[in-house]
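For the sequence shown, position 331 (counting from the first letter as 1) is numbered 331 according to our numbering, and the numbering increases by one without interruption.
Ideal placement from N, C-alpha and C gives every residue a C-beta, glycine not left out.
What you are looking at is a predicted structure, and each value in this text was computed from that prediction instead of being measured.
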Amino acid sequence: MTRRITDIIKPGEIKKKEKISTLKKEEEIKLERPSFRIFLIPIILVIIIGVGLGIFSYYFSLGVKIIIQPKQDILSSQMQVTVDKGANDINIFAKIIPGHLFQEEKTISQEFPITGKVLKETKAEGIIRVYNKYSTSSQILVATTRFISSDGKLFKSLERVVIPGGKYEKGKLQPGYLDIKVKADQPGEDYNIEPSTFSIPGFAGTPKYTGFYGKSFEPMKGGFRGEVAELTEKDIENAKNSLSQRLFKETRNNLKSKIFPDFVLIEEAIKDRILETSLPQTSVSQETVKVEIRGISEVLVFKKTDLENFAKETLLFQKPADKKLHQESLKIDYSLVKSEIDLGKLTLELQTSVKIFSEIDEAQIKENIVGKTPSQIREFLSIQPQIEKTEIKLLPFWSKEAPKNIEKIKVETRLD
Numbered sequence: 001m002t003r004r005i006t007d008i009i010k011p012g013e014i015k016k017k018e019k020i021s022t023l024k025k026e027e028e029i030k031l032e033r034p035s036f037r038i039f040l041i042p043i044i045l046v047i048i049i050g051v052g053l054g055i056f057s058y059y060f061s062l063g064v065k066i067i068i069q070p071k072q073d074i075l076s077s078q079m080q081v082t083v084d085k086g087a088n089d090i091n092i093f094a095k096i097i098p099g100h101l102f103q104e105e106k107t108i109s110q111e112f113p114i115t116g117k118v119l120k121e122t123k124a125e126g127i128i129r130v131y132n133k134y135s136t137s138s139q140i141l142v143a144t145t146r147f148i149s150s151d152g153k154l155f156k157s158l159e160r161v162v163i164p165g166g167k168y169e170k171g172k173l174q175p176g177y178l179d180i181k182v183k184a185d186q187p188g189e190d191y192n193i194e195p196s197t198f199s200i201p202g203f204a205g206t207p208k209y210t211g212f213y214g215k216s217f218e219p220m221k222g223g224f225r226g227e228v229a230e231l232t233e234k235d236i237e238n239a240k241n242s243l244s245q246r247l248f249k250e251t252r253n254n255l256k257s258k259i260f261p262d263f264v265l266i267e268e269a270i271k272d273r274i275l276e277t278s279l280p281q282t283s284v285s286q287e288t289v290k291v292e293i294r295g296i297s298e299v300l301v302f303k304k305t306d307l308e309n310f311a312k313e314t315l316l317f318q319k320p321a322d323k324k325l326h327q328e329s330l331k332i333d334y335s336l337v338k339s340e341i342d343l344g345k346l347t348l349e350l351q352t353s354v355k356i357f358s359e360i361d362e363a364q365i366k367e368n369i370v371g372k373t374p375s376q377i378r379e380f381l382s383i384q385p386q387i388e389k390t391e392i393k394l395l396p397f398w399s400k401e402a403p404k405n406i407e408k409i410k411v412e413t414r415l416d
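Here it is in structure tokens:
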């Protein structure tokens, strides 16, 4: 006999199981409903935010910024320019800029050693009083009359003299006398003798030999024989060169300190001049020599702004009428050609260059991009011959087109 399920399970148990199954289904339904809400809420939020941003973008767009880099060419110029002390203003046609003269004068001195050596010989000199005890008549003595000292040293008179005759006093002959200059016959210290008596060998063998004699009352001086330092032309030249280098180093430093920072000083344009030199004669013999020198350093300078303005005005005059100067790109190079300090002039070789570009018509660009998309804006800008490259910035970034309000369109010209 076939048995049914109801035969196996009791009716009460069947009802109980059905109730449990129903509860499980209700719980499953309750669990499934919250998962649908989790996905639905973010979607709704995204839609709301998107719509809000769209409305904000439409009504409150911040605008568009177009950055334009124009095409640039190089304009260059080369010429000679005169820096003139007599000029008051720049003159691009005469090619002149004003110059300003600065000067610094100084005197210095220094002792320098003498390196020259020479054999020096000098003869002793002194005074002898020559007596005439021979007679009352005067006696002529020619130049170079010889006198011999008591120790045998020979001296000679320097010039012709007349020795007065003697005079009788109380029946006794008082000798006449005369002081005369004499010089030793030979050089050397041996002739620097102490006071002595002298005879005249020319009268030897005659009564006059004892009637005429001489006496010295002071030592003879000046006799010398030996090697001494002597100033030479080379010593003078070395001293002069050394001192002038020191002098002009000081004057140049002082000169530079006087010049204001806005002036341009070209080192090669400084002129140094010796005004006066105090030097001993080369015949002076001594261990050292004092040299004194007075000199001046001077230079013609110019203002940096004058040179820049001259370059700008010259390039402005030379540029095409439809071009503008990119002044920040201005380059100036110069070198000294000639310095004429005496005339108050410098000649410079001047080389200048600057970038030039066509002016951007910002108003015309704004009018042509109102309400345009970025691709339309790029297409319009790409056919403008004066433009090198561009950059488009929409604000906010999600904007799809430029604002229709022209006041919200900004155009900026940017030069590299």
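Leaving aside the five residues before and after H326 along the sequence, list all residues of the same chain whose C-beta is less than 8 Å from its C-beta, in chain order. Q72, V354, K355, I356, F357 and L415
At least 3 beta-carbon pairs within less than 8 Å: the region 304-318 vs the region 95-109: yes
Where in the region 52-123 do unbroken runs of the beta strand (DSSP E), each at least 3 residues long, occur, reported from the N-terminal end onward? 63-70, 72-84, 96-98, 100-113 and 117-122
Helix, strand or coil, according to DSSP, for A311 in the structure here? Three-state DSSP puts A311 in a helix.
Looking only at C-alpha atoms, which of L316, K366, L279 and A143 sits nearest to Q110? L279
Since V118 and F155 are thought to touch, with beta carbons under 8 Å apart, how far apart are those beta carbons, to the nearest angstrom? Contact doesn't hold; Cβ gap of about 26 Å is too wide.
Are the CB atoms of S157 and S196 within a distance shorter than 7 Å? no
Is the Cβ-Cβ distance between A143 and E159 less than 7 Å? yes
On the DSSP bridge assignment, give the partners of S199 in chain order. I148 and Y213
Which residues in the same chain as E359 place their Cβ atom closer than 6 Å to its Cβ, once the five residues preceding and following it in sequence are excluded? K324
Quick check: the region 393-403 against the region 72-82, are there 3 or more CB pairs under 8 Å? no
Return the CA-CA distance between R252 and L231, expressed in angstroms with no decimal places. Each residue's Cα considered, the two are about 30 Å apart.
I9 (DSSP reduced to helix, strand or coil): Low local confidence applies: a pLDDT of 44 at I9 is under 50, so the model's placement there is unreliable, with the coordinate-based value given in what follows. If DSSP states are grouped into helix, strand and coil, I9 belongs with coil.
By a C-beta neighbour count over all protein chains shown, 10 Å radius and 16 as the cutoff for buried, is D84 buried or exposed? buried
Label Q139 either buried or exposed according to how many other C-beta atoms from any shown protein chain fall within 10 Å of its C-beta, with 16 as the threshold for buried. buried
What residue from S382, T390, K408 and F112 has the CA that sits closest to L243's CA? Of S382, T390, K408 and F112, the residue nearest in Cα terms is F112.
Three-state secondary structure (DSSP) at R129? strand
Per DSSP, which residues does Y168 bridge with? Please list them. Answer by DSSP bridge pairing, in chain order: L173.
Taking its Cβ as the centre, do 16 or more other Cβ atoms sit within 10 Å of I5, making it buried, or is it exposed? Reliability of the predicted coordinates at I5 is poor, the pLDDT of 36 falling under 50, and no value is obtained from them.
So, helix, strand or coil for F260, using DSSP? It is coil, neither helix nor strand.
Who does F224 pair with in a DSSP beta bridge? T122
Just checking my contact of F198 with G214 at CB under 8 Å: how many whole Å lie between their CB atoms? 4 Å
Any chance you could list the beta strand (DSSP E) runs of at least 3 consecutive residues sitting entirely within the region 333-411, in chain order? 345-358 and 387-395
Using the Cα positions of E298 and A87, report the straight-line distance between them to the nearest angstrom. Whole-angstrom Cα-Cα distance: 18 Å.
Member of V370, K366, E401 and K408 whose CA lies at the smallest distance from the CA of I68: With distances taken between Cα atoms, I68 lies closest to K366.
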